[in-house]
Every structure is written in C-alpha cells, then in structure tokens.
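Have a look at the structure below before the remarks.
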Ligand SMILES: O=c1[nH]c(=O)c2[nH]c(=O)[nH]c2[nH]1
C-alpha cells in the first residue's frame with residue numbers, strides 16, 4: 001500500500017511583535033500577532049525525515065522580528081508588513097513557493113495626549129491575510145470583534161414556517177452582532193490605513209443607519225457600502241453572530257415591557273455569513289486563508 005502526502009504547510013504561528021517608532025514625536029507604535037505559513041518543496045521532510053529544505057519555524061519567528069526593524073516603514077501597516085514578509089519567504093528561500101502571512105493588529109489609542117502613553121482599544125482587531133506565490137499576490141484586509149447594536153429600525157417577519165417554528169414575528173427589535181469582515185483588494189498597492197478607515201466607517205455607518213429586515217439584509221447593505229466606499233475592494237465577506245436580545249416578560253410583576261428590558265443571550269446564536277462581490281463568479285476563496293489550521 002502506498003500513500004500520498006496531501007496539502008501541507010508549516011510556519012510559526014502567533015509571533016507577538018511590537019514596533020515603536022521613537023523618531024516620531026509623539027511616539028507611534030504597532031502591535032502585531034503574526035502567523036506565517038509556508039508551502040513548497042517539503043515532501044521529504046514528511047516522507048523520509050530529511051529536513052534539508054526546512055526553514056525552521058524558529059527562523060520564521062526571527063524573520064518577523066528582524067523585518068519589523070529592517071522594513072520599519074512597511075511595518076507601519078499590517079498589509080504592507082505582511083507583504084514584505086511573504087515576498088521575502090518566496091523570493092529569498094528557494095524551496096518556498098507559497099507564503100501566507102496572517103496578522104492581527106491590536107489597536108492602541110493615545111492616552112490623554114501624552115507623547116508616549118497609550119490605552120489599548122479592545123473594541124476591534126484589524127486583520128490581514130496576504131498570500132504570495134509565483135502566481136501572484138493577494139491581499140485581504142479585515143476586522144474582527146467589532147460589536148455593534150441598534151435599539152430599533154430592525155424587523156424580522158415573513159419567514160418560512162414549519163412545524164418546529166415558534167419564533168414570533170417582530171416589527172421592532174434590538175439587533176446586535178459582533179462583526180467579522182474580510183475584504184479582498186484587487187491590487188497589492190494601496191494606502192492601507194486610509195482604505196481600512198473608509199471600509200470600517202462604511203460598515204459601522206451602514207449598520208447604524210440602514211433599516212433592517214434581517215441580519216442577512218444588513219450584511220447585504222453593509223457589503224454594498226464597502227464596495228461603494230473602496231474602489232480597490234473586489235469582494236467582502238461577513239461572518240456575524242446574531243446576538244439575540246430577548247424581551248423579558250415582566251407581567252408576573254405587574255409591569256409592562258415595551259421593548260425596554262432585555263435578556264442578552266450569549267448562546268446559541270444565529271450565525272449569518274455572506275459574501276458581497278463586485279462581479280458574478282466564484283470569488284477568490286483561496287485568498288481568504290482556506291489553509292489547514294482547524
Ligand atoms: O436576522 C435574522 N435572521 C435570521 O435568519 C433569523 N432567525 C431567527 O430565529 N432570528 C433571525 N434573525
């Protein structure tokens with residue numbers, strides 16, 4: 001019996017690197033969690049145990065740290081830092097044919113206008129997934145953990161009924177979600193910082209202002225707003241848990257409750273996911289890190 005090695009990749013996950021720009025006044029900083037995954041000529045490392053072509057994961061970690069200095073300007077934005085890293089691995093390590101770099105960028109706000117004090121802003125994490133191979137480069141930007149809520153202008157009714165359906169239709173509900181969004185750029189040159197702000201604003205502005213007939217409908221509206229806001233974006237993907245807020249029955253206490261007091265349920269939750277793209281077609285799933293890593 002012979003077997004075949006299927007998809008394989010390796011690298012260093014979650015390298016936590018902070019880069020401070022001391023030449024700036026006030027100081028600036030970026031705070032990254034960088035994961036590198038390499039593919040290439042690594043069959044023998046698995047099938048015979050010969051590690052001659054294996055760039056160590058320790059070296060991958062060292063590369064992240066070194067490029068934070070050597071490519072300090074690129075490191076100012078997660079997308080350009082990920083591009084510098086991925087281009088290095090594919091360009092300088094002959095046996096690497098595909099490099100994928102994922103970065104989570106943690107946000108720090110300046111504290112009380114001091115030149116060197118910061119407060120971690122935990123309201124979202126900025127993300128990027130960059131893939132470089134001989135076939136080209138893809139850059140996906142994103143955010144996760146952005147929790148939003150609206151107190152009205154949200155309905156949900158007219159849904160399919162079967163014998164297990166008990167949900168009551170509503171013309172006025174609280175809608176809340178924790179937005180995870182990723183958007184694919186059509187080129188790997190951009191003003192990444194300005195583009196991120198434009199897309200994030202489009203998402204939050206639309207969530208707040210667009211009248212909603214379902215979370216699905218809101219994803220559609222937000223996706224169109226992203227494509228309107230950023231010409232560089234070819235498609236945007238959302239994964240959004242419906243953070244249900246249930247009106248509590250206060251009648252046992254002789255109280256009415258006209259949508260004022262809610263139970264914020266944490267599970268189970270509806271999970272609504274959609275891709276909104278500029279053109280017909282399958283989109284570019286490969287750019288969105290379908291890699292191993294379950
Ligand atoms: O926006 C919603 N979409 C659904 O598909 C759904 N299903 C459900 O029970 N509540 C909701 N809300």
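In full-length UniProt numbering, the protein residues as written are 1 to 294.
We put the CB at the ideal spot given by N, CA and C, even for glycine.
The model shown is predicted, which means the values in this text are computed figures rather than measured ones.
Euclidean distance between Cα positions of residue i and residue j
i	j	result
residue 53	residue 96	9 angstroms
residue 291	residue 196	24 angstroms
residue 133	residue 34	18 angstroms
residue 26	residue 213	46 angstroms
residue 161	residue 243	22 angstroms
residue 129	residue 78	9 angstroms
residue 289	residue 41	20 angstroms
residue 81	residue 168	49 angstroms
residue 200	residue 282	24 angstroms
residue 107	residue 120	6 angstroms
residue 124	residue 248	29 angstroms
residue 223	residue 204	11 angstroms
residue 50	residue 65	27 angstroms
residue 92	residue 165	58 angstroms
residue 194	residue 9	33 angstroms
residue 43	residue 2	14 angstroms
residue 268	residue 220	23 angstroms
residue 296	residue 57	Since the displayed the chain opens at 1 and closes at 294, residue 296 lies outside it and no answer follows.
residue 70	residue 117	25 angstroms
residue 6	residue 36	19 angstroms
residue 63	residue 76	16 angstroms
Local conformation of residue i per DSSP, three classes
i	result
residue 116	coil
residue 290	coil
residue 246	strand
residue 122	strand
residue 38	strand
residue 217	helix
residue 27	coil
residue 239	strand
residue 159	coil
residue 270	strand
residue 16	strand
residue 11	coil
residue 199	helix
residue 251	helix
residue 186	coil
residue 228	helix
residue 165	coil
residue 143	strand
residue 72	coil
residue 278	coil
residue 110	strand
is_contact[residue i, chain D] using C-beta, thresh 9 angstroms
i	result
residue 94	Absent from the structure: chain D. Only one protein chain is present.
Reference residue i; option with closest CA among the options
i	options	result
residue 135	151, 87 and 168	87
residue 250	262, 50 and 243	262
residue 149	173, 169, 157 and 82	173
residue 13	275, 100 and 25	100
residue 246	137, 176 and 24	176
residue 67	32, 232, 140 and 271	32
residue 279	186, 4, 121 and 258	186
residue 143	163, 202, 40 and 8	202
residue 217	163, 153, 84 and 112	153
residue 182	139, 165, 221 and 115	139
residue 156	170, 163 and 145	170
residue 228	198, 38, 215 and 267	198
residue 184	93, 178, 285 and 269	285
residue 105	46, 126, 85 and 115	126
residue 270	107, 178, 43 and 204	178
residue 16	117, 103, 72 and 83	103
residue 147	230, 137, 122 and 267	122
residue 231	191, 259, 76 and 215	191
residue 111	264, 28 and 23	28
Give a yes or no on contact between the segment 204-221 and the segment 253-267, applying the rule of three or more CB pairs nearer than 8 angstroms. no
Quick test of the definition: if touching needs 3 or more C-beta pairs under 8 angstroms, does the segment 230-242 touch the segment 265-276? yes
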